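Inspection log for the structure reproduced underneath, given as structure tokens.
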Amino acid sequence: MATAPTRLSTLTAGTRGVIDALPEEEDLRNDLAALRLLPGEPIEVVQVLPLGGPLLVSTAGGLYALGRALADRVRVLA
Amino acid sequence: MKVRAACHGPAVVAAPDSLPTLVLAGNPNVGKSTVFNRLTGLNALTTNYPGTTVELAVGTATIAGRTYRIIDVPGTYGLAASGEDQRAAWEALLRWRPDGVIVVVDATNLSRNLYLVLQLIDLGLPIVVALNLWDVASRGGLRIDAAHLSAALGVSVIPTVATQGRGVTKAAHDAALCAGRPVTRRHRYGARLEAAVAELAARRGDHDTAAAFQALERRGAGPAPQAVADVVSQLRADAGEDVPLYVARERHRLAERLARQVTAGDAELRGRRAWHLATRPVTGLPLLAFVLAVVFVSLVWGGSLLAAALDRAWGTYASPPIRALVAWLIGEGILARTLLWGADAGLNAVLSIGLPYVVTFYLVLAVLEDTGYLNAAAVLLDRTLGRMGLNGRAAIPLVAGAGCNVPAIVGLRVLRTDRERLIAGTLITLVPCSARTAVIFGAVARFLGWPWALALYGVTTGVILGAGWGLNRIIPGPRTGLLMEIFPFRAPSARTVVRKTWYRVREFAGVAVPIVLLGSVMLGALYETGWIRLAVRPLAPVLEGWLRLPAVAGLTLVFAVLRKELALQLLVALAAAQFGGGADNLLSFMTGRQIFTYALVNTIYIPCVATIAVLGRALGWKRAMLISGGTVTLAVTLGGLAARLLTALP
Chain D
9 MATAPTRLST LTAGTRGVID ALPEEEDLRN DLAALRLLPG EPIEVVQVLP LGGPLLVSTA
69 GGLYALGRAL ADRVRVLA
Chain Y
59 MKVRAACHGP AVVAAPDSLP TLVLAGNPNV GKSTVFNRLT GLNALTTNYP GTTVELAVGT
119 ATIAGRTYRI IDVPGTYGLA ASGEDQRAAW EALLRWRPDG VIVVVDATNL SRNLYLVLQL
179 IDLGLPIVVA LNLWDVASRG GLRIDAAHLS AALGVSVIPT VATQGRGVTK AAHDAALCAG
239 RPVTRRHRYG ARLEAAVAEL AARRGDHDTA AAFQALERRG AGPAPQAVAD VVSQLRADAG
299 EDVPLYVARE RHRLAERLAR QVTAGDAELR GRRAWHLATR PVTGLPLLAF VLAVVFVSLV
359 WGGSLLAAAL DRAWGTYASP PIRALVAWLI GEGILARTLL WGADAGLNAV LSIGLPYVVT
419 FYLVLAVLED TGYLNAAAVL LDRTLGRMGL NGRAAIPLVA GAGCNVPAIV GLRVLRTDRE
479 RLIAGTLITL VPCSARTAVI FGAVARFLGW PWALALYGVT TGVILGAGWG LNRIIPGPRT
539 GLLMEIFPFR APSARTVVRK TWYRVREFAG VAVPIVLLGS VMLGALYETG WIRLAVRPLA
599 PVLEGWLRLP AVAGLTLVFA VLRKELALQL LVALAAAQFG GGADNLLSFM TGRQIFTYAL
659 VNTIYIPCVA TIAVLGRALG WKRAMLISGG TVTLAVTLGG LAARLLTALP
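Sequences listed follow chains D and Y, in order.
Counting in the working numbering, the first sequence runs from 9 upward without gaps.
Counting in the working numbering, the second sequence runs from 59 upward without gaps.
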């Protein structure tokens with residue numbers, strides 16, 4: 009995958025990618041890690057709620073809702 | 059005296075009765091609380107929603123002739139996680155050192171659920187696995203080889219269907235058996251991680267791998283000793299990432315491999331289509347409006363039908379004998395009449411004003427919770443709540459607040475920052491709880507019609523949105539993003555719904571009856587002795603002058619700080635005392651405008667003493683007082699404005 013990492017929040021529904029980097033706060037990283045939202049894990053955007061709403065993403069761990077502000081800080085390789 | 063299990067380190071914080079303890083752990087929404095209810099028959103609530111069991115539910119159960127304490131801890135995905143509810147799970151498991159842990163896992167999502175199982179074994183806890191939702195997995199074509207999984211993990215694995223009680227006793231039995239046995243870890247991670255764990259354990263001198271894992275995942279308090287830090291930094295360099303992330307990755311990888319080995323069939327069981335419909339605004343917003351309409355109509359119809367029936371029954375069967383008994387015992391003097399305020403009017407009010415709406419509301423709420431719809435609503439409302447400095451997660455306590463503010467404020471623990479807790483806590487006190495709903499429906503909807511009740515809810519919603527928007531601007535600090543698992547919708551179980559409603563109503567009645575009796579007798583004494591005129595005099599300028607309410611009616615608003623529905627109950631009793639007969643006299647006592655103003659003030663001013671108390675504990679007393687004072691000011695201001703606006707109307 010040669011493309012540069014982008015923000016998860018910029019992806020449209022149906023896009024698949026691989027998580028590249030998580031936000032820095034340790035608490036948040038631990039929460040994401042327990043859900044298997046880890047760098048290197050594949051991720052698919054299932055639905056994007058309009059007007060700055062959350063994203064629904066599917067991973068090997070399950071189906072999760074991520075607020076737009078949080079998705080802004082997760083980097084993916086799409 | 060029993061000697062505690064030798065297999066683990068730190069001293070046990072023994073409970074006074076020294077009962078052996080079993081803890082229930084698991085991810086949110088896997089049926090943990092249902093297992094708890096099956097075991098204990100106690101009143102922990104089960105909810106298809108993360109975070110409702112934030113207070114530890116404790117009960118006892120007799121297993122193989124011996125009594126055990128059973129603790130239900132908040133649902134958690136891993137022990138690394140942050141947040142107060144997660145910390146509560148951590149404490150229950152690692153500080154209290156239970157004799158056994160039942161890990162309830164979702165058989166339909168085995169891989170992700172096994173993460174917690176592996177972590178608990180790594181940390182040296184004696185566990186058994188309850189493979190729950192076995193029926194759902196089977197129906198979806200999943201077959202899990204429990205014996206194979208048990209052999210791989212070295213712990214007992216029991217298929218369970220908690221909603222039917224299947225397998226639950228067996229799981230508890232096995233958990234009781236594992237108490238005191240040494241914990242051996244059979245699973246192995248990659249060579250690099252295993253080497254680091256072995257090195258740490260060796261440097262400790264006791265070869266305690268559980269302590270090594272705790273050190274690796276940085277759960278120990280204070281700075282790590284040099285020997286530990288060396289190993290951690292070496293592992294970090296070798297792995298090329300933070301050690302906790304690396305450990306999590308290894309654990310997920312192993313969990314997935316194990317799940318694959320023991321599972322046959324397709325794992326795609328989740329009903330995602332319904333989720334799309336519920337969260338996409340085009341279909342989701344109409345659905346939300348429909349759900350709210352159903353709640354409203356249930357309260358208008360169900361509540362008022364129930365209220366009328368109970369009122370009639372009381373008047374026919376209960377009231378005459380009670381009056382006769384009091385007359386026979388102490389005659390018909392002031393004391394007797396005062397007593398009747400409580401024993402007749404007060405109890406009648408609980409039955410025909412409080413209870414019908416509370417029962418109806420909790421019934422509807424239980425159905426909504428059990429289907430998992432509230433979860434979809436949280437996602438849908440994330441953006442709106444974002445404007446108020448919160449995220450979708452705050453929908454949990456806010457909706458719970460419509461039942462009762464007290465548990466909702468306790469539930470604030472699921473929110474991550476102090477700022478979010480402060481904003482959400484303030485907003486919860488403005489959410490009309492079922493007691494205030496009883497006043498809105500029992501007075502406004504009944505005497506003025508449902509559009510007025512709807513208008514009152516509209517005003518309240520506006521106040522909440524405005525307050526949230528304002529607080530978000532005033533209080534500094536960042537907001538945290540939503541991170542929530544999406545659960546499939548489920549058909550509500552009649553058993554769970556009825557049980558949950560019963561527990562909540564029982565709790566309501568247990569608290570409400572004594573307070574209503576006391577309040578009624580107090581007001582009755584003031585009324586019968588004629589002192590009521592003295593009591594209202596200092597309040598008259600505000601009540602009569604500004605709010606344009608009859609001063610005696612205003613006095614019931616003051617009493618309502620004990621319990622909000624008490625306002626209407628006392629008002630009806632006052633009307634009955636003054637004009638005779640039942641609640642139908644409210645309109646002869648007050649005008650429609652006054653009833654609206656009255657209900658509005660009652661809805662917005664300080665919730666009740668119980669709420670203030672729990673607010674003080676959750677947010678601090680200064681803030682609790684500030685919120686209380688603020689809501690009184692707001693209520694009186696809005697009440698006066700409403701009185702003037704309504705007079706201006708034709």
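Don't be surprised by glycine CBs; every beta carbon is placed ideally from N, CA and C.
Computed from a predicted structure; not experimentally measured.
Can you say whether lysine 680 of chain Y is buried or exposed, counting buried as having 16 or more other CB atoms within 10 angstroms of its CB? The count along the second sequence starts at 1 and reaches residue 680 of chain Y at position 622. By the beta-carbon neighbour count (other beta carbons within 10 angstroms, threshold 16), lysine 680 of chain Y is exposed.
Starting from arginine 37 of chain D, find everything on chain Y with Cβ-Cβ shorter than 8 Å and list it in chain order. For the purposes of this step, residue 37 of chain D is identified with residue 29 of the first sequence, where counting begins at 1. What arginine 37 of chain D touches in chain Y: Asp300, Pro302 and Leu303.
Could you check the C-alpha separation between valine 93 of chain Y and alanine 188 of chain Y for me, to the nearest Å? Within the second sequence, the letter at position 35 stands for residue 93 of chain Y. Within the second sequence, the letter at position 130 stands for residue 188 of chain Y. C-alpha separation (whole angstroms): 9 Å.
Answer yes or no: the CB of arginine 531 of chain Y versus the heavy atoms of the ligand ADP, is any distance below 6 Å? Inclusion of the ligand ADP in the displayed structure is not the case, the ligand content being empty and no account of it being possible.
Should valine 340 of chain Y be labelled buried (16 or more other beta-carbon atoms within 10 Å of its own) or exposed? Residue mapping note: residue 340 of chain Y aligns to position 282 of the second sequence, counting from 1. By the beta-carbon neighbour count (other beta carbons within 10 angstroms, threshold 16), valine 340 of chain Y is exposed.
By the 8 Å beta-carbon criterion, what residues does the segment 335 to 349 of chain Y contribute toward chain D? For the segment 335 to 349 of chain Y, residues whose beta-carbon sits nearer than 8 Å to a beta-carbon of chain D comprise Thr337, Arg338 and Pro339.
Using a Cβ-Cβ cut-off of 6 Å (strictly less than) and excluding sequence neighbours within five positions of isoleucine 392 of chain Y, which residues of its own chain qualify? As a working mapping, residue 392 of chain Y is identified with position 334 in the second sequence. Correct list, in chain order: Glu586.
Cα-Cα separation between tyrosine 72 of chain D and glycine 133 of chain Y, rounded to whole angstroms: For the purposes of this step, residue 72 of chain D is identified with residue 64 of the first sequence, where counting begins at 1. For the purposes of this step, residue 133 of chain Y is identified with residue 75 of the second sequence, where counting begins at 1. Distance from the CA atom of tyrosine 72 of chain D to the CA atom of glycine 133 of chain Y, rounded to whole angstroms, is 16 Å.
Going straight from the alpha carbon of alanine 611 of chain Y to that of leucine 383 of chain Y, what length do you get? Along the second sequence, read from residue 1 onward, the residue named residue 611 of chain Y stands at position 553. Along the second sequence, read from residue 1 onward, the residue named residue 383 of chain Y stands at position 325. Straight-line spacing of the CA atoms in alanine 611 of chain Y and leucine 383 of chain Y works out to 29 Å.
Look at asparagine 190 of chain Y and valine 88 of chain Y and say whether their C-beta atoms are less than 7 Å apart. The sequence position of residue 190 of chain Y within the second sequence is 132, counting from 1. The sequence position of residue 88 of chain Y within the second sequence is 30, counting from 1. In this structure, asparagine 190 of chain Y lies near valine 88 of chain Y, with their beta-carbon atoms less than 7 Å apart.
Fully enclosed by the segment 324 to 384 of chain Y, which alpha helix (DSSP H) runs are 4 residues long or longer? If we require 4 residues or more, the alpha helix (DSSP H) runs fully inside the segment 324 to 384 of chain Y come out as 330 to 337, 339 to 355 and 362 to 371.
Contact between the segment 220 to 233 of chain Y and the segment 199 to 209 of chain Y (3+ Cβ pairs under 8 Å): Contact between the segment 220 to 233 of chain Y and the segment 199 to 209 of chain Y is absent: fewer than three C-beta pairs spanning the two stretches fall below 8 Å.
Starting from tyrosine 20 of chain Y, find everything on chain D with Cβ-Cβ shorter than 7 Å and list it in chain order. Outside the displayed span of chain Y (59 to 708) sits residue 20 of chain Y, for which this structure offers no information.
Please list the terminal residues of the continuous alpha helix (DSSP H) segment that includes valine 425 of chain Y. Here residue 425 of chain Y corresponds to residue number 367 of the second sequence, with the count starting at 1. Here the alpha helix (DSSP H) through valine 425 of chain Y covers 413 to 429.
Taking only runs of the beta strand (DSSP E) that begin and end inside the segment 146 to 206 of chain Y, which ones reach a length of at least 3 residues, in chain order? You should have 158 to 164 and 185 to 190.
Mind checking if proline 108 of chain Y is an interface residue toward chain D, Cβ cutoff 7 Å exclusive? The count along the second sequence starts at 1 and reaches residue 108 of chain Y at position 50. Note on proline 108 of chain Y: pLDDT 41, under 50, position unreliable in the model; no value is reported.
Integer-rounded CB distance, given that leucine 174 of chain Y should sit under 8 Å from glycine 212 of chain Y: In the second sequence, counting from the first residue as 1, residue 212 of chain Y sits at position 154. In the second sequence, counting from the first residue as 1, residue 174 of chain Y sits at position 116. Wrong, their Cβ atoms sit about 16 Å apart, outside the cutoff.
Are isoleucine 179 of chain Y and arginine 243 of chain Y close, meaning C-beta to C-beta below 7 Å? Numbered from its first residue, the second sequence carries residue 179 of chain Y at position 121. Numbered from its first residue, the second sequence carries residue 243 of chain Y at position 185. Yes, the pair counts as a contact, with Cβ atoms nearer than the cut-off.
Rank Y/Ala700, Y/Val690, Y/Val569 and Y/Gly361 by C-alpha distance to the C-alpha of valine 616 of chain Y and give the top, closest one. As a first step, residue 616 of chain Y is located in the second sequence; it is residue number 558 there, counting from the start. Considering only alpha carbons, the answer is Y/Val690.
With a threshold of 7 Å between beta-carbons, can proline 62 of chain D be considered close to chain Y, or not? Position 54 of the first sequence, counted from the first residue, corresponds to residue 62 of chain D. Interface criterion met: the Cβ of proline 62 of chain D is under 7 Å from a Cβ in chain Y.
Does any residue of chain Y have a CB that is nearer than 7 Å to the CB of leucine 85 of chain D? The residue given as residue 85 of chain D occupies position 77 in the first sequence. For leucine 85 of chain D, the answer is no, since every Cβ of chain Y falls outside 7 Å of its Cβ.
Give the secondary structure of leucine 71 of chain D by DSSP, where H, G and I count as helix, E and B as strand, and everything else as coil. The sequence position of residue 71 of chain D within the first sequence is 63, counting from 1. Under the three-state reduction of DSSP output, leucine 71 of chain D falls in the strand class.
Would you say alanine 77 of chain D reaches chain Y, if we count a Cβ-Cβ gap shorter than 7 Å as a contact? For the purposes of this step, residue 77 of chain D is taken as residue 69 along the first sequence, with counting starting at 1. Closer than 7 Å: yes.
Going by DSSP, what residue range makes up the beta strand (DSSP E) through proline 709 of chain Y? Missing from the structure shown is residue 709 of chain Y; chain Y here goes from 59 to 708 and no further.
At a Cβ threshold of 7 Å, is glycine 69 of chain D touching chain Y? Along the first sequence, read from residue 1 onward, the residue named residue 69 of chain D stands at position 61. Yes, glycine 69 of chain D lies at the interface with chain Y (some Cβ there is under 7 Å from its Cβ).
Based on the DSSP output, what are the partners of arginine 15 of chain D in its beta bridges? Here residue 15 of chain D refers to the residue found at position 7 of the first sequence. BP columns for arginine 15 of chain D point to D/Arg83.
Smallest Cα separation from glycine 123 of chain Y: which of Y/Pro78, Y/Asn85 and Y/Gly84? Walking along the second sequence from the start, residue 123 of chain Y turns up at place 65. Among Y/Pro78, Y/Asn85 and Y/Gly84, the Cα nearest to that of glycine 123 of chain Y is on Y/Pro78.
Check whether the Cβ of isoleucine 533 of chain Y lies closer than 7 Å to any Cβ atom in chain D. Position 475 of the second sequence, counted from the first residue, corresponds to residue 533 of chain Y. Chain D, which has no Cβ nearer than 7 Å to the Cβ of isoleucine 533 of chain Y, makes this no.
Backbone CA spacing between valine 116 of chain Y and isoleucine 129 of chain Y [nearest angstrom]: The residue given as residue 116 of chain Y occupies position 58 in the second sequence. The residue given as residue 129 of chain Y occupies position 71 in the second sequence. Straight-line Cα distance between these residues: approximately 5 Å.
Under the three-state DSSP convention, the category glutamate 543 of chain Y falls into: Locating residue 543 of chain Y in the second sequence gives position 485, where the first residue counts as 1. Of the three classes helix, strand and coil, the one that applies to glutamate 543 of chain Y here is strand, per DSSP.
Give the C-beta separation of valine 290 of chain Y and valine 468 of chain Y to the nearest angstrom, bearing in mind that I take them to be a contact with Cβ-Cβ under 8 Å. The residue labelled residue 290 of chain Y in the question sits at position 232 within the second sequence. The residue labelled residue 468 of chain Y in the question sits at position 410 within the second sequence. Not a contact, Cβ separation roughly 37 Å.
Distance between methionine 446 of chain Y and glycine 75 of chain D (C-alpha atoms, nearest Å): Along the first sequence, one-based indexing puts residue 75 of chain D at 67. Along the second sequence, one-based indexing puts residue 446 of chain Y at 388. Taking the straight line joining both Cα atoms gives about 14 Å.
Report the residue from Y/Pro414, Y/Ser578, Y/Gly582 and Y/Lys622 whose alpha carbon sits nearest the alpha carbon of valine 489 of chain Y. If you number the second sequence from 1, residue 489 of chain Y lands on position 431. With respect to the C-alpha of valine 489 of chain Y, the residue from Y/Pro414, Y/Ser578, Y/Gly582 and Y/Lys622 having the closest C-alpha is Y/Lys622.
For leucine 443 of chain Y and glycine 278 of chain Y, the rounded distance between their alpha carbons: The count along the second sequence starts at 1 and reaches residue 278 of chain Y at position 220. The count along the second sequence starts at 1 and reaches residue 443 of chain Y at position 385. Confidence at glycine 278 of chain Y is low in this model, with a pLDDT of 48, below 50, so its placement is unreliable and no value can be given for it.
Below 8 Å on the Cβ atoms is my guess for valine 694 of chain Y versus phenylalanine 499 of chain Y; work out the distance and round it to an integer in Å. Counting from one through the second sequence, the residue named residue 694 of chain Y turns up at place 636. Counting from one through the second sequence, the residue named residue 499 of chain Y turns up at place 441. The distance from the Cβ of valine 694 of chain Y to that of phenylalanine 499 of chain Y is about 23 Å, inconsistent with a contact at the 8 Å cut-off.
Assuming contact is defined by CB atoms lying nearer than 7 Å, are alanine 424 of chain Y and valine 569 of chain Y in contact in what I supplied? The sequence position of residue 424 of chain Y within the second sequence is 366, counting from 1. The sequence position of residue 569 of chain Y within the second sequence is 511, counting from 1. Not closer than 7 Å, so no.
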